[in-house]
Amino acid sequence: MRRLIQRCNTCKAYGLGEVCPSCGGTMKQAAP
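Just so it is clear: in the sequence shown, position 5 is -1 by our numbering, and no numbers are missing.
So, in structure tokens, the structure goes:
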């Protein structure tokens, strides 16, 4: 099972959830 890396629209941090852990912004799917 692959995990999708997501990237925050606001602060450009990377994570795995729907909400950015750093700034609370929206996460978008990032290119692998």
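For glycine and all other residues, C-beta sits at the position ideal for the given N, C-alpha and C. Here the structure is a predicted model, which means the values were calculated and not measured.
- Sequence-distant Cβ neighbours of Thr20 in its own chain, meaning closer than 6 Å and more than five residues away, are Asn3.
- Per DSSP, the continuous beta strand (DSSP E) segment holding Lys22 begins and ends at 21 to 23.
- One thing to note: Tyr8 has its Cβ within 8 Å of the Cβ of Arg1.
- In the structure shown, the three-state DSSP call for Cys14 is coil.
- Under the 10 Å beta carbon count, Cys5 is surrounded by fewer than 16 other beta carbons and is classified as exposed.
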